Amino acid sequence: QVLACLPLLVMAHRMGGSTNLTSPPREDYPYIAGVGALNMFLTPLTFLLALEFSNPTIAAVGQPFLPLVAFLIALPLGKDSYSSNKAAGLVVCVLGAASVVVGSSRPQAAGAAAAPASVSLGLLMLLIEQLCQGSGMHLQKVLLAKHPPPVVTAWCYCFGTCCIVALNVVSGSGEGLGALLAVPRHLWLPLSYSVGVCTVFNYNVLLWANSMLSATVVALSTCLQPVFTCMLALVLDGEPLSPLHVLGCG
Numbered sequence: 022q023v024l025a026c027l028p029l030l031v032m033a034h035r036m037g038g039s040t041n042l043t044s045p046p047r048e049d050y051p052y053i054a055g056v057g058a059l060n061m062f063l064t065p066l067t068f069l070l071a072l073e074f075s076n077p078t079i080a081a082v083g084q085p086f087l088p089l090v091a092f093l094i095a096l097p098l099g100k101d102s103y104s105s106n107k108a109a110g111l112v113v114c115v116l117g118a119a120s121v122v123v124g125s126s127r128p129q130a131a132g133a134a135a136a137p138a139s140v141s142l143g144l145l146m147l148l149i150e151q152l153c154q155g156s157g158m159h160l161q162k163v164l165l166a167k168h169p170p171p172v173v174t175a176w177c178y179c180f181g182t183c184c185i186v187a188l189n190v191v192s193g194s195g196e197g198l199g200a201l202l203a204v205p206r207h208l209w210l211p212l213s214y215s216v217g218v219c220t221v222f223n224y225n226v227l228l229w230a231n232s233m234l235s236a237t238v239v240a241l242s243t244c245l246q247p248v249f250t251c252m253l254a255l256v257l258d259g260e261p262l263s264p265l266h267v268l269g270c271g
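Per my numbering: the sequence shown ends with 271, consecutive numbering throughout.
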């Protein structure tokens, strides 16, 4: 995550127009901190905790519910309106994506099942993760109304990264920064892809979309991830499609 800060700042400098990248307006500080903490710090942290306390299947099935969470947050804020067609569309998309994830899950090895109390804690972390991500998407709109998406991305991402580094230092797990120098050569290509595509490109595209569309519509993109993953697995790895895959993709 630290590695992605530099290309994000360079992109913001080149595409930021007249915005002063190094000196955000004071009135925007709470929103930058809020988006950075919610979307770039607490969202990945609580997702990892959900994985730790439950299992990958439970954590993955929860992700497609983000559009529903974003919609429920938007309603009382007056940022979105209810209609039966919209509600039905959300439910169909969420259930379809969840079906793909369930169809792709593999049974756990004997003795690997998490304890009920641990699963409950994992579900709680997953709920917090969804609330953080959905709330952050609505806070982004305040900043996006005044600043270009690359600038907002850079500001918020750098703040979130500072939170992660601070947590790393406070928790005493200092090997996280030092281990960067010991990354094997064969991992630099996937690491570069993760930084360039999964972080720099994806965050900018999502915030650019959020500047023009409702947060609910942008959140619906999470429902496409299991579908595209399923298709790529079929084409690249020859992974067979199960009935749940076909049903969910449909």
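All residues carry an ideal CB built from backbone N, CA and C; glycine is no exception. All values reported here derive from a predicted model rather than from experimental measurement.
Beta carbon of residue i nearer than 8 Å to that of residue j
{"i": "Gln161", "j": "Leu116", "result": "no"}
{"i": "Val186", "j": "Val23", "result": "yes"}
{"i": "Leu212", "j": "Ser120", "result": "no"}
{"i": "Pro51", "j": "Pro247", "result": "no"}
{"i": "Glu150", "j": "Thr64", "result": "yes"}
{"i": "Pro45", "j": "Trp209", "result": "no"}
{"i": "Leu59", "j": "Gly157", "result": "yes"}
{"i": "Tyr214", "j": "Ala25", "result": "no"}
{"i": "Ala219", "j": "Phe62", "result": "The sequence shown places Cys at residue 219, rather than the Ala named in the question. Going by C-beta atoms, Cys219 is not nearer than 8 Å to Phe62."}
{"i": "His168", "j": "Thr40", "result": "yes"}
{"i": "Val221", "j": "Leu29", "result": "yes"}
{"i": "Phe180", "j": "Ala81", "result": "no"}
{"i": "Pro97", "j": "Cys114", "result": "no"}
{"i": "His34", "j": "Leu27", "result": "no"}
Buried or exposed (CB count within 10 angstroms, at least 16 for buried), residue i
{"i": "Glu48", "result": "exposed"}
{"i": "Thr182", "result": "buried"}
{"i": "Leu111", "result": "buried"}
{"i": "Ser223", "result": "The identity of residue 223 in the sequence shown is Asn, whereas the question assumes Ser. The residue is exposed, with fewer than 16 neighbouring Cβ atoms inside 10 Å."}
{"i": "Asn225", "result": "buried"}
{"i": "Leu275", "result": "Given that the chain is displayed from residue 22 to residue 271, the structure contains no residue 275 and the question cannot be resolved."}
{"i": "Leu152", "result": "buried"}
{"i": "Val216", "result": "buried"}
{"i": "Gly259", "result": "exposed"}
{"i": "Cys251", "result": "buried"}
Own chain residues within Cβ distance below 7 Å of residue i, not counting five before or after
{"i": "Met17", "result": "A query on residue 17 cannot be resolved here, the shown segment of the chain reaching from 22 to 271 and no further."}
{"i": "Val163", "result": "Tyr52"}
{"i": "Ala91", "result": "Gly155, Met158, Ala236, Thr237 and Ala240"}
{"i": "Val173", "result": "Gln161, Leu164, Leu165 and Leu228"}
{"i": "Leu230", "result": "In the sequence under discussion, the amino acid at residue 230 is Ala, which differs from the Leu named in the question. Correct list, in chain order: Val239."}
{"i": "Gly37", "result": "Pro169, Pro171 and Val172"}
6 Å Cβ shell around residue i - same chain, five flanking residues per side excluded
{"i": "Ser232", "result": "Leu165 and Pro170"}
{"i": "Met32", "result": "Pro171"}
{"i": "Ala108", "result": "none"}
Residues of its chain near residue i, where Cβ-Cβ distance is below 8 Å and the 5 sequence neighbours each way are ignored
{"i": "Ser235", "result": "Ala95, Lys100 and Asp101"}
{"i": "Ser139", "result": "Phe74 and Ser75"}
{"i": "Asn106", "result": "none"}
{"i": "Ser192", "result": "none"}
Quick check for students: name the residue ranges of the alpha helix (DSSP H) that lie wholly in the stretch 36-99, counting only runs of 4 or more. 50-56, 64-74, 77-83 and 87-98
Could you pull out every unbroken alpha helix (DSSP H) segment of at least 4 residues lying fully inside the stretch 135-166, listed in chain order? 137-165
Can you give, in chain order, each stretch of the alpha helix (DSSP H) that sits fully within the stretch 209-261 and has at least 4 residues? List check, alpha helix (DSSP H) in window: 209-214, 223-231, 236-240 and 245-253.
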